[in-house]
Structure formats: C-alpha cells, structure tokens
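Engineer: Here it is: the structure, laid out below.
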Amino acid sequence: MLKVVSNTTPLLTLLKISKLNLLKEIYGEIIIPDAVYEEIEHGKNMKYYTDLKKLDWIKISSVKNKNDSRYFIDLDKGEAEVIILAEENNADIVIIDERIGREYANYYKLKVTGTIGILLKAKQKGLIKELRPLLAEMKEKGVWVSDNLIKTILEIVKEA
Numbered sequence: 002m003l004k005v006v007s008n009t010t011p012l013l014t015l016l017k018i019s020k021l022n023l024l025k026e027i028y029g030e031i032i033i034p035d036a037v038y039e040e041i042e043h044g045k046n047m048k049y050y051t052d053l054k055k056l057d058w059i060k061i062s063s064v065k066n067k068n069d070s071r072y073f074i075d076l077d078k079g080e081a082e083v084i085i086l087a088e089e090n091n092a093d094i095v096i097i098d099e100r101i102g103r104e105y106a107n108y109y110k111l112k113v114t115g116t117i118g119i120l121l122k123a124k125q126k127g128l129i130k131e132l133r134p135l136l137a138e139m140k141e142k143g144v145w146v147s148d149n150l151i152k153t154i155l156e157i158v159k160e161a
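Okay, so the sequence shown: first residue is 2 according to my numbering, each after it adds one.
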C-alpha cells in the first residue's frame, strides 16, 4: 500500500464537493499530521465538516521533529508538518494544493499531487463519470481554480 500524506486544503475541497471517499478508493489509507487535523477541526461549524477521527482510513500522526525550521519560513504549520511527516515516513505521495508547499515538496524530492490530480485519477479509474460538474461545484463553493486550468483539464479528459 502506498504511503500518502495529505495537507488540509485538498481534504477541505473534497469534503466541500462530497468526494472525500475518493482518497480511500484510490489510496486505501491517508496519513495526516496533527496540524492538519487541527485545521480541519477549526471548521467544525461548517456544513461539510466531518470528524476525521471517525474515519478508520485516515490516520492522524504526530511528527517527530516539530521544530524542523527548514519548513517554517514560508509554509503554514500544516504544510510544514505534511512535508516533515512525509520525510519521516518515506511517503510515496504528498497531497498539497498550495504552490509554495508543492515547491518545498518537490525540492525535497517528494512526489506531489493535489485535488485536481485526485479528480483526474478518479476519472481514469472510473470512480467518477465527469469532472466538469465537480470543477463547477468547487468554484461555486469558493475553491479557486483558474479558468485556463479548467479548460486544459476538460480537454485532457475529453469533456471540452
């Protein structure tokens, strides 16, 4: 089984469009650091909130070296802990949407995907029929995705 560590934004985005289960269907198990769990918990009053502790396929894990200052210059605590935890666990993939977090992950030779990558993989595996309505729902619910990226994605999956 692949070791996959996720940041907050992809989890929130998938929760907003009721597709968090795609992570389980694609990867089986996801690891999140304490900081990501805490960030999700800040949204307890949101309509889409889910207590991740109740999902047996999401493992909440503490990083061993919380003070690894290499990561705290430009990253928020969640992103930093994702990268530290990924390194500590020799993760196969990290799921991060934010550009700066992806750059750090790439610098440390971690394989990176994001919400769009998850949706593309789900489409390839036949777990979802169409991306267009999900991308539209993401935008409706306040998730920023550029129109050019949406156009490119829809061309890739032949929904243009």
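A virtual CB, placed ideally from N, CA and C, is assigned to each residue, including glycine.
Report the partner residues of Ser7 according to the DSSP bridge assignment.
Structural biologist: Per DSSP, Ile96.
Engineer: To the nearest angstrom, how far is the alpha carbon of Ile18 from that of Glu138?
Structural biologist: About 7 Å.
Engineer: Tell me whether Val146 sits in a helix, a strand or coil according to DSSP, three-state version.
Structural biologist: Correct three-state label for Val146: coil.
Engineer: Hey, Leu16 and Tyr49: beta-carbon distance below 8 Å or not?
Structural biologist: Result yes, Cβ atoms of Leu16 and Tyr49 sit closer than 8 Å.
Engineer: Got a sec? Which residues, its chain only, sit under 6 Å from Leu239 by beta carbon, not counting five neighbours each side?
Structural biologist: Any answer about residue 239 is impossible in this case: the structure gives the chain only from 2 up to 161.
Engineer: Would Leu136 and Val158 be called neighbours here (beta carbons separated by less than 8 Å)?
Structural biologist: The answer is no: Cβ separation not under 8 Å.
Engineer: Give the range of the alpha helix (DSSP H) segment to which Lys60 is assigned.
Structural biologist: Element bounds for Lys60: not the alpha helix (DSSP H) but the beta strand (DSSP E), 59 to 62.
Engineer: What's the call for Tyr105, buried or exposed, on a 16-neighbour Cβ count within 10 Å?
Structural biologist: Burial call: buried.
Engineer: Applying the 10 Å Cβ sphere with the 16-neighbour rule, what's the burial state of Glu141?
Structural biologist: With fewer than 16 other Cβ atoms within 10 Å, it is exposed.
Engineer: Could you tell me the distance, in whole angstroms, from the CA atom of Tyr206 to the CA atom of Val5?
Structural biologist: With the chain represented from 2 up to 161, any question about residue 206 goes unanswered, as that position is not in the structure.
Engineer: Do the region 106 to 119 and the region 30 to 44 meet, that is, are 3 or more Cβ pairs less than 8 Å apart?
Structural biologist: Too few Cβ pairs lie closer than 8 Å, so no.
Engineer: Run the CB neighbour count on Asp52, radius 10 Å, all protein chains shown included, and call it buried at 16 or more, exposed below.
Structural biologist: Label assigned to Asp52: exposed.
Engineer: Can you give the Cα-Cα distance for Leu155 and Leu121, rounded to whole angstroms?
Structural biologist: Each residue's Cα considered, the two are about 10 Å apart.
Engineer: In terms of residues, what are the limits of the alpha helix (DSSP H) holding Ile84?
Structural biologist: Where Ile84 is concerned, the enclosing alpha helix (DSSP H) stretches over 78 to 89.
Engineer: Which whole-angstrom value is the C-beta distance of Ser7 and Ile129, which I expect to be below 8 Å?
Structural biologist: Contact doesn't hold; Cβ gap of about 18 Å is too wide.
Engineer: For Gly115, count the other beta carbons within 10 Å of its own beta carbon; 16 or more makes it buried, fewer makes it exposed. Which is it?
Structural biologist: Answer is buried; the Cβ neighbour count reaches 16.
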